[in-house]
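Each remark here refers to the structure printed beneath this line.
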Amino acid sequence: MIRKFRIRSIVNDIPLNYKFILMYVIGILLPIVIINYLFMDRMSGLIKEREEQNLQISLERARKDIHSMIDGGVAVSHGLITDKLLYETLDHVYTSPLDFYNTFNEQLRHRVTSYIPVNNQIQRIGIYTDNPSIVPGGDYYALDDDVVSSPWYQKWQMFNGTVLVSAYRDMAAKNSTAISSYLSVVEKMDYYDVNNAYEQLVRIDFDLSRFYDVIARERNYLDLYLVNDRGEIIVSMDSGYQHVSTSDYSLFDMDKEPGKDLHIVPIGNASYVRGLKLIGVPQGTRVSKAMLDMQLYFGLLAGLITLLTSVFIYVMLRSYNHRVKRLARHMQKVRNEKFDLIKIDEGRDEIGHLIRNFNMMTSQIHSLINNVYKLEIQQKSQEAERVRAELNLLQSQMNPHFLFNTLNALLVVSTKNNYTDVKDIIKDLSKLLRRLLNWKDDLVLLEEEMNFTVMYLGIEKFRFRDKFDYSIEIAEEARRYKIPKMSIQQLAENACKHGIQAIEGLGVVIIRVEATSDRLRVVVADNGKGIDEERLKEILHNMRSEEEAAGGNIGIRNVYRRLELYYNDSVIFNLISKVGKGTEVSFEIPLKLLEWQDGEGERFNGV
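Counting in this note's numbering, the sequence shown runs from 2 upward without gaps.
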């Protein structure tokens, strides 16, 4: 049970994708490969067995044909030596050549050649005699010194039997300067024991092209070699039987065919063909081609089956995988408190049933959360009202030090230098105070916010004179968007108060506003003293904290909290600072969340 439990645990830990792949590989692909291999192995054996039978049939067919041709030649030879009239005619002593010619015309002219038409394997028949009264001519030859010294006669002299079938090479019959191959039957005419005064021989030359045709006919199965008892190749596809350049036959070397299964059969059991044998060398290309065709066929079949099963498994796996992944993603969204429904064709199987239940559960949870959090939403509204009241209080209680310092500076400067333009500053200051008291709307045009900020920066420049300057860049298309009031002024005030006053050189505040394709971006930067890393982390923590912390940088926190109140998590708020180089505060608001007002006072939501 413990082992079974462990195996089940291992299986349960495997992801479903890998389970499908393992099922496909082990349950489908591996059986296909094994069955295909076993079937191909069996078919290979059958093909080899069939080819072996074909080789045996081919070899036996060639042997029978060659044996039949040799037997035919021997039968003709036996017919001639048993021809009593021919025997007596050749053994007779003629008184003159004319006497022989008369007998030749009457008895001998067609007696030999009549055998050739019905035995087309015979090329020539010759009768040899040492009877001096016979005039050589036609198929009759004298046993003179040239014949006695010829290769075939020398073989006959060394032969102890009655019928000699021998292969040799001699001068060609029609060209005494060329060498030709011969296969001949030689037999002595001594069948009748009468006088035997003269030696008489029958020589029958086979037409080797007939033997070559038999060998060439079987070339699709075997390379055949007709070999004598000394291993000399008489006829083969390679050496042929003509175009002889030497008087020696080529020897069949068994060692040159080490990897091939040689098939050797004797031509026959008769004494005259003893030693003649037929050697067959299998054509490797034929078996290889048959094996290749079989392997190609089964390979294509296995590939087609594998392709079809792979496509089927892919379709089934995709049906499962797509829906399960969608379900997993939406469950992750539920974890992140986003209760989106799965809008797909869920199907009617178990996964579809699971998706339908998930959608039902998600809808119920979403409904319950909405009901449960209504009170919390009301509390947030009350919190927003409180923040708004604090903002109004902040506007009505603007930093008194700023007002007193400005008025004192105006008084001192005007007294000492009799400046006449002091009245402009006093006018801007009165406008500023009046705007703070009368600014009732929470959202104002960005252009109004910038005018208010410019008045503030003008007063600061009047205070610090040559130690302070500012630069404003605002895109024309951004002026008509509405943003929370004092979102920019408080950041500019924070830059002057905490950044510029602490340095000795020229302090500069830069304000940039631009509208991209989908966001409004506001940047307030200064070249002040900057903030060290530890203090920067503290400011960021206090800025995002729900509880208000004591200390400075209240302006940044107020801006951040009001932007969060209006636009939730859609606002991107960044604070970047380096000691000695200054500070940059920026925020980005999606344009689709901003209200836009044209020049005639019409209002549009979005862009």
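Where is the CB? At the ideal position from N, CA and C, for every residue including glycine.
Per DSSP, what kind of secondary structure is residue 203 in: helix, strand or coil?
strand
So what does DSSP say about residue 558, is it helix, strand or coil?
helix
Distance between residue 503 and residue 511 (C-alpha atoms, nearest Å):
If you take the alpha carbons of residue 511 and residue 503, they lie about 17 Å apart.
N-terminal and C-terminal residue of the beta strand (DSSP E) that residue 1 is part of
The chain is shown only over 2 to 608; residue 1 falls outside these bounds and no answer can be derived.
Where does residue 50 sit, in a helix, a strand or coil, going by DSSP?
For residue 50, the secondary structure class from DSSP, reduced to helix, strand or coil, is helix.
Own chain residues within Cβ distance below 8 Å of residue 478, not counting five before or after:
516
Report, in whole angstroms, the separation of the C-beta atoms of residue 484 and residue 450, which I expect to be a contact under 8 Å.
At roughly 6 Å, the Cβ-Cβ gap stays under 8 Å, so residue 484 and residue 450 are in contact.
Given residue 303, which residues of its chain have a CB within under 8 Å of its CB, disregarding the five upstream and five downstream residues?
33, 34 and 37
Run the CB neighbour count on residue 298, radius 10 Å, all protein chains shown included, and call it buried at 16 or more, exposed below.
exposed
Residue range of the beta strand (DSSP E) that residue 588 falls in?
Unbroken beta strand (DSSP E) run through residue 588: 583-591.
DSSP three-state assignment for residue 338, whether helix, strand or coil
Residue 338: coil per DSSP, three-state reduction.
Starting from the C-beta of residue 355, find all residues in its chain whose C-beta is less than 8 Å away, skip the five residues before and the five after it, and write them out in chain order.
328
Have a look at 471, 357, 350 and 334 and flag the residue whose alpha-carbon is nearest the alpha-carbon of residue 344.
357
Whole angstroms is fine: what's the gap from residue 513's alpha carbon to residue 370's?
42 Å
Unbroken beta strand (DSSP E) runs of length 3 or more, entirely within the stretch 476-506: which are they?
If one requires a minimum length of 3 residues, the beta strand (DSSP E) runs lying completely within the stretch 476-506 are 482-485, in chain order.
What span of residues does the beta strand (DSSP E) with residue 526 cover, start to end?
520-527
Residue environment, residue 18, which counts as buried when at least 16 other CB atoms sit within 10 Å:
exposed
Tell me whether residue 63 is buried or exposed, calling it buried when 16 or more other Cβ atoms sit within 10 Å of its Cβ.
buried
Answer with buried or exposed for residue 494, where buried requires no fewer than 16 other C-beta atoms within 10 angstroms of its C-beta.
buried
Ends of the alpha helix (DSSP H) at residue 534?
534-545
Any contact of the stretch 178-197 with the stretch 205-213, i.e. 3+ C-beta pairs under 8 Å?
yes
Looking at the unbroken alpha helix (DSSP H) that takes in residue 154, where does it start and where does it end?
Element bounds for residue 154: 152-159.
Same chain only: Cβ atoms within 7 Å of residue 542, ignoring 5 sequence neighbours per side
none
Going along the chain, which residues of its own chain have a beta-carbon closer than 7 Å to the beta-carbon of residue 108, five neighbours each way excluded?
The residues are 86 and 90.
Can you tell me whether residue 397 is helix, strand or coil according to DSSP?
Because the pLDDT at residue 397 is just 46, under 50, the model does not fix this residue reliably, and the value given afterwards should be weighed accordingly. If DSSP states are grouped into helix, strand and coil, residue 397 belongs with the helices.
Which two residues bound the contiguous beta strand (DSSP E) that contains residue 128?
123-130
Exposed or buried, what is residue 394 when buried is set at 16 or more other beta-carbons lying within 10 Å of its beta-carbon?
At residue 394 the pLDDT is 49, less than 50, meaning the model places this residue with poor confidence; the figure from the coordinates comes in the next sentence. Per the 10 Å Cβ criterion, exposed.
Cβ atoms of residue 571 and residue 594: under 8 Å apart, would you say?
yes
Take every Cβ of the stretch 217-230, pair it with every Cβ of the stretch 276-285, and state whether three or more of those distances are shorter than 8 Å.
yes
Quick check: what's the CA-CA separation for residue 270 versus residue 307?
58 Å
Could you tell me which residues DSSP puts in a beta bridge with residue 170?
DSSP lists 182 as partners of residue 170.
What residue range is occupied by the uninterrupted beta strand (DSSP E) comprising residue 515?
508-516
Any idea if residue 581 is buried or exposed, counting beta-carbon neighbours within 10 angstroms, 16 or more meaning buried?
The Cβ neighbour count for residue 581, taken over all protein chains shown within 10 Å, is under 16; the residue is labelled exposed.
Beta bridge counterpart(s) of residue 345 as assigned by DSSP
According to DSSP, residue 345 bridges with nothing at all.
Reference residue 473; option with closest CA among 454, 22 and 290:
454
One question on the structure: do residue 619 and residue 252 come within less than 8 Å of each other, judged by their Cβ atoms?
It is not possible to answer for residue 619, since the shown part of the chain is limited to 2 through 608.
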